[in-house]
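Asker:
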Amino acid sequence: MEQSLTIYNSLSRVKEVFEPLHAGKAGMYVCGPTVYSNAHLGHARPAITFDLLYRYLLHLGYKVRYVRNITDVGHLEDEVEETGEDKISKKARLEQLEPMEVVQKYMNTFHRNMEELNTLPPTIEPRASGHIIEQQVMIRRILEEGYAYEVNGSVYFDVHKYNNHYRYGILSGRNLEEMQANTRRLEGQQEKRNPFDFALWKKATPEHIMQWPSEWGMGFPGWHLECSAMSTKYLGEVFDIHGGGMDLQFPHHECEIAQSTAALGHPSVRFWMHNNMITINGQKMARSLGNFITLDELFSGNHPLLTGAYSPMTVKFFILQAHYRSTLDFSNEALVSAGKGLERLMKAIALLEKLPVSPSASVDIAALEKNCCAAMNDDLNSPILIAHLFEGVRLINLIGEGKETITEEGLDRLKNLFRVYLFDILGLKPEESSAAGSETVRQLVDLTLEVRSRAKNNKDWTTSDFIRDELGKIGIVVKDRKDGTEWEMKN
RNA sequence: GGUUCCUUGGCCGAGUGGUUAGGUAGCGGUCUGCAAAACCGCCUACGGCGGUUCGAUUCCGCCAGGAACCUCCA
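Take a look at the structure:
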């Protein structure tokens with residue numbers, strides 16, 4: 004491999020060559036979902052982005068530890084309110100379920116959706132609720148270092164003090180003084196010394212269902228803490244890559260940096276990566292904005308905004324056709340386009356298996372290989388990679404028509420190229436149309452086409468076209484090629 | 001109000017100081033009994049106004065419009 008992987012580091016705001024901390028090994032931590040309702044299209048973005056990263060690191064030969072958390076505690080609904088009730092328990096109350104039932108339900112859905120999108124599972128998927136001890140240990144450490152204070156059963160991070168020794172805001176490019184001067188609103192938060200202080204441990208009110216004992220009383224951990232505690236536990240005090248959505252950059256990741264740095268005495272993340280948002284009508288798609296479409300709705304077409312169903316691979320391809328750091332605008336037209344493009348790609352793959360070989364080649368596979376490699380190395384530029392793959396599609400089709408030639412060795416390389424980039428790295432896969440698998444259906448269609456073929460031989464176009472049209476109505480597309488008739492199911 | 005960012009052809013989306021992104025849609029052609037598929041060709045765009053430059057969509061400034069974050073959020 005001549006070139007090396009470069010990754011845009013949100014921390015330095017520039018692309019940097021990726022060199023792992025430990026040769027041959029890579030550690031990555033990605034902020035996972037808060038499981039209190041169904042996964043939506045927005046969740047697919049980081050899942051696919053960091054799946055791409057994970058797959059590419061594996062492809063490059065790294066032994067990768069991929070940690071993605073499940074947030075199943077904390078996340079104050081509204082810190083201003085005195086209820087202190089978190090999202091999970093609020094939902095539980097509404098649905099008359101145990102909090103852990105809610106968590107389990109949506110976690111299961113999330114996992115199913117992720118599998119449908121053909122994303123690889125992380126190597127460790129820690130849950131915040133399973134790491135209360137670790138979080139308490141970290142709080143204690145931050146207290147010992149003097150960067151936190153306890154008030155009335157809650158523990159807060161002292162942003163001011165931290166800012167005096169380190170600098171708060173390095174990731175999001177803010178500075179504390181400006182923030183204090185320009186903040187939009189300053190709520191009265193009597194316990195905090197400073198409005199920008201954030202909770203490490205929050206005292207639970209009696210009606211709060213999810214709470215744990217601690218040396219500060221019954222309570223629950225602050226939102227930002229789980230990532231610091233769990234990333235340190237599984238990846239070490241310093242690790243390679245931390246990923247998540249851009250909307251988490253501030254305050255979540257900023258607070259994470261502050262906590263970890265305060266506890267450990269040094270920064271812990273080398274590369275910060277942030278995927279951009281999916282928008283709908285130019286606006287961010289988010290549960291809190293009520294303009295989201297869940298993945299199940301997308302796959303089934305069951306949503307007023309959808310003009311049809313979109314398969315998981317279509318959704319994935321749609322996302323991969325945009326660079327992860329750009330916003331991506333949702334529309335039915337765009338999804339339909341993506342689906343058609345993917346179909347063309349997959350048809351070419353099928354044709355690839357049947358290509359004739361020649362003693363000499365007119366196509367340059369090496370150039371294609373190089374281009375694909377360069378695209379991925381350039382901050383995971385999947386849209387460029389896909390553009391090159393379409394160049395490959397063109398070649399495949401031309402070879403299939405006898406207008407270009409390829410050697411056996413070249414064909415092997417071309418097959419390998421698509422296997423590696425399309426299936427291993429992009430993580431796309433052929434989608435079977437449901438009915439095509441039935442042996443009986445296949446035999447029936449073949450029989451019908453045999454009848455049509457006889458009609459054609461008699462130049463009985465009325466009959467042959469009738470058969471083709473009628474088959475078309477039930478979703479079977481007939482294609483007459485030079486060497487015979489083919490058909491396929493159209494879902 | 002503060003911080004950051006964006007504005008590309010019908011649509012989605014790359015990218016670059018001078019050379020074709022790609023997909024999809026549309027048009028014309030090849031192939032076919034006709035279609036479909038496939039292939040070839042065409043549609044050659046970079047918000048507005050200035051500036052730097054031999055040359056700017058690409059750099060700088062201003063303006064307009066939009067977004068994200070500043071509050072839970074992928």
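Okay, so the first sequence: first residue is 4 according to our numbering, each after it adds one. A virtual CB, placed ideally from N, CA and C, is assigned to each residue, including glycine.
1) Just reading off the alpha helix (DSSP H) that TRP219 is part of, what are its end residues?
2) If you follow the beta strand (DSSP E) that TYR159 is part of, which residue opens it and which one closes it?
3) Tell me whether LYS485 is buried or exposed, calling it buried when 16 or more other Cβ atoms sit within 10 Å of its Cβ.
4) Sort out for me which residues DSSP pairs GLU19 with in a bridge.
5) Hey, could you find the ends of the beta strand (DSSP E) TRP490 is sitting in?
6) Return yes when the Cβ of PRO433 is within less than 7 Å of the Cβ of MET349, no when it is not.
7) Around the Cβ of VAL444, are there at least 16 other Cβ atoms within 10 angstroms (buried) or fewer (exposed)?
8) So what does HIS25 bridge to, in DSSP terms?
9) Indicate whether SER361 and GLU407 have their beta-carbon atoms separated by less than 7 Å.
10) Report the rounded CA-to-CA distance for PRO23 versus ARG68, giving the unit in angstroms.
11) Any chance you could list the beta strand (DSSP E) runs of at least 3 consecutive residues sitting entirely within the region 419 to 490, in chain order?
12) Quick check on the DSSP output: the beta strand (DSSP E) that includes ASP332 runs from which residue to which?
13) Taking 7 Å as the limit between beta carbons, can you name the residues of its chain near ILE281, skipping five residues before and five after?
14) Taking DSSP's pairing of strands, which residues face ASN41 in a bridge?
15) Name the DSSP bridge partner or partners of MET276?
16) Looking at the strands, I want to know which residues DSSP matches up with ALA202.
17) Under a Cβ-count criterion, where at least 16 other Cβ atoms within 10 Å of its own Cβ denotes burial, should SER15 be classed as buried or exposed?
18) So the beta strand (DSSP E) ALA151 belongs to, where does it begin and stop?
19) Please classify LYS164 as buried or exposed, where buried requires at least 16 other C-beta atoms within 10 Å of its C-beta.
20) Could you check what DSSP says for TYR165 in three-state terms: helix, strand or coil?
21) Under a Cβ-count criterion, where at least 16 other Cβ atoms within 10 Å of its own Cβ denotes burial, should ASN12 be classed as buried or exposed?
22) Give the straight-line distance between the Cα atoms of ALA390 and LEU431, rounded to the nearest whole angstrom.
23) Let me know the secondary structure DSSP gives ARG177 once reduced to three states.
24) For VAL162 and ARG177, I'd like the C-alpha separation in whole angstroms.
25) Which residues share a DSSP beta bridge with GLN286?
26) So LYS66 is in the beta strand (DSSP E); what residue range does that whole segment cover?
Answerer: Taking the definition as stated:
1) No alpha helix (DSSP H) holds TRP219; DSSP gives it neither H nor E.
2) 157 to 160 is the span of the beta strand (DSSP E), which, as asked, contains TYR159.
3) exposed
4) ILE10
5) 487 to 492
6) yes
7) Burial state of VAL444 is exposed, judged by a 10 Å Cβ sphere holding fewer than 16 other Cβ atoms.
8) Looking at the DSSP output, HIS25 shares a beta bridge with LYS28.
9) no
10) 12 Å
11) Those beta strand (DSSP E) runs which fall completely within the region 419 to 490 and span 3+ residues are 479 to 484.
12) 331 to 333
13) If we look at ILE281 and ignore the five residues flanking it on each side, its Cβ neighbours are LEU44, GLY45, ARG48, MET288, LEU331 and PHE333.
14) In the DSSP output, where bridge partners are listed per residue, ASN41 has none listed.
15) GLY246, per the DSSP bridge assignment.
16) TYR159
17) exposed
18) 151 to 154
19) buried
20) Three-state result, TYR165: helix.
21) buried
22) 15 Å
23) coil
24) 13 Å
25) Per DSSP, ILE283.
26) 66 to 71
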